[in-house]
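Those protein sequence lines, which keep their order, are chains A and B.
Read in my numbering, the first sequence has 130 at position 130, and its numbers run on one by one without any break.
Throughout, my numbering is defined as the position within the second sequence, counted from one, plus 1000.
Beneath this line is the structure, given in structure tokens, with notes to follow.
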Amino acid sequence: MPCRDHLVQVRDRFDEIRELGADALMVSFGEPERVAWMVEDLELPFRAAADPSREIYSAFGLSKASFFRVWHPRVIVKYARLIRSGMKIPRRDVAADLWQLGGDFVIDGAGVVRYAYYSEGPEDRPPVDELVDALRGNGLYWRR
Amino acid sequence: MRVSVGDRAPDFTAELPGGEGFSLADFAGRPLLLIFLRHLG
Chain A
1 MPCRDHLVQV RDRFDEIREL GADALMVSFG EPERVAWMVE DLELPFRAAA
51 DPSREIYSAF GLSKASFFRV WHPRVIVKYA RLIRSGMKIP RRDVAADLWQ
101 LGGDFVIDGA GVVRYAYYSE GPEDRPPVDE LVDALRGNGL YWRR
Chain B
1001 MRVSVGDRAP DFTAELPGGE GFSLADFAGR PLLLIFLRHL G
């Protein structure tokens, strides 16, 4: 659900992202039909790629979390907050890998990484303000 | 291996839900926000 929440936040800022001349791409390790369901369910205005073999995850060095990081109290608190705020509980048959970690990257028009954020746990996502700022090209960032 | 700011982004090809393929090069010339999910839910 934190991923879902993060996508909704990016979706809600996507007009601003487009005005910067930028684009966004969601990458999931789910099968293409599951990714299509997610795009439709969240009404995402940007493209989404299916990477079931996780070749792209591997190319960007996205690793897996430890047992203790996945079940950290911060994760439980984040999920509880999202449920209380009305976020839907994931369908039981969705593609899930409790251990896979996500991340956010900004790549400039020349193909150079300008921002890299490696999530440390399921609840860990960068502020969308920071992503938009990186897309504006405001300095070089490095986060984890 | 992790990528760092200033590195050239790894090129990749991917499949869109409709079966269309594309690569990072298709986004050349404009900044791209890449969001990797950990869960489809």
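Using N, Cα and C, we set each Cβ at its ideal position, and we do this for glycine too.
- Residues of the segment 1003-1019 of chain B that bring their beta carbon within less than 9 Å of a beta carbon in chain A comprise V1003, S1004, V1005, G1006, D1007, R1008, A1009, P1010, D1011, F1012, T1013, A1014, E1015, L1016, P1017, G1018 and G1019, in sequence order.
- If you draw a straight line from the Cα of A:R4 to the Cα of B:R1008, it comes to about 28 Å.
- Secondary structure at A:R125: coil, using DSSP grouped into helix, strand and coil.
- According to DSSP, residue pairing for A:F60 in a beta bridge does not occur.
- Secondary structure of B:A1014 (DSSP, three-state): strand.
- Pairing A:G102 with A:L62 gives a Cβ-Cβ distance under 8 Å.
- Rounded to the nearest whole angstrom, the CA to CA distance from A:D133 to A:R11 is 16 Å.
- In this structure, A:V35 and A:I56 do not form a Cβ contact; the two beta carbons are roughly 13 Å apart against a cut-off of 8 Å.
- For the pair B:E1020 and A:V39, the Cα-to-Cα distance works out to about 15 Å.
- Residue pairing of B:G1021 in beta bridges, as defined by DSSP: B:E1015.
- Listed in chain order, the non-local C-beta contacts of A:F105 below 8 Å within the same chain comprise F60, V113, Y115, A116 and Y117, local neighbours out to five positions each way being set aside.
- Taking C-beta atoms under 8 Å as the contact rule, A:R125 and A:L20 fail to qualify, at a distance of about 20 Å.
- M1, P2, C3, R4, H6, L7, V10, I17, L20, G21, A22, D23 and A24: these are the residues of the segment 1-24 of chain A whose beta carbon lies less than 9 Å from some beta carbon of chain B, given in chain order.
- At a Cβ-Cβ threshold of 8 Å, B:F1027 and A:D23 count as neighbours.
- Uninterrupted beta strand (DSSP E) stretches at least 3 residues long and entirely within the segment 22-61 of chain A occur at 23-28 and 47-50, given in chain order.
- Non-local beta-carbon contacts of A:S119 in its own chain, meaning distances under 7 Å to residues more than five positions away in sequence, involve L101, G102, G103 and R125 in chain order.
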